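In UniProt numbering, the protein residues as written are 1 to 205.
A virtual CB, placed ideally from N, CA and C, is assigned to each residue, including glycine.
From a predicted model like this one, the values you see are computed outputs, not experimental measurements.
These notes are about the structure you will find just below.
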């Protein structure tokens, strides 16, 4: 998807995030430079067919493209849950954690077939910010259980919750287990911060 100036102003970044946040294993959206025909965007190219698309500006447009042209199967619950999650993210970004929690919980009630790990992860973060540490820990554990390999946010949420509860030994163990399960965690931007915090708490990572 083009993220050049005009398409960016038309919401390309939001659409790009929406596509990837659907959590569909067969679908991936990546940014690209100008595709021409500026003003008719956001513009995108459907691969491998190399089909140029215009006015992919709303979740409904994305759904039409993925179903009609790409042949992707999108559960309506996944679409609705993704929209609720993005709305929750917006609320959390504005500090309205109560509303964010409600939106994430509504999304989980839909029982979407994909993206559940992101919902639990975001819910955990919002609950922790709201001061409900035990509930945040429960959501973090669910996030870890449902996460695919390489999704490190769930592990970070779990460690954050255990640390916030003063359970430093368990937090360090969770960190070590995460590295053992997937060494790419050590390349995550948060890993060194976590490691230093745990070391200050007297833990070895």
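Taking a contact to require three or more Cβ pairs closer than 8 Å, the region 168-176 and the region 144-159 qualify as touching. Here the alpha carbons of residue 138 and residue 191 stand approximately 22 Å from one another. As for any alpha helix (DSSP H) of minimum length 4 sitting wholly inside the region 155-193, the runs are 168-181, ordered along the chain.
As summarised for the region 31-114, the continuous beta strand (DSSP E) elements at least 3 residues long and confined to that stretch are 44-46 and 51-53, given in chain order. Residue 85 places its beta carbon less than 9 Å from that of residue 115.
Straight through space, the alpha carbons of residue 123 and residue 15 are spaced by roughly 22 Å. Contact between residue 126 and residue 92 is confirmed by a C-beta separation of about 5 Å, below the 8 Å threshold. A Cβ-Cβ separation of about 5 Å places residue 97 in contact with residue 129 under the 8 Å criterion. Per the coordinates, the alpha-carbon of residue 1 lies some 47 Å from the alpha-carbon of residue 202.
In terms of Cα proximity to residue 45, the closest of 78, 39 and 30 is 30. Of the candidates 132, 154, 193 and 7, the residue whose Cα lies closest to the Cα of residue 165 is 132. The criterion of a C-beta distance shorter than 9 Å is satisfied by residue 77 and residue 110.
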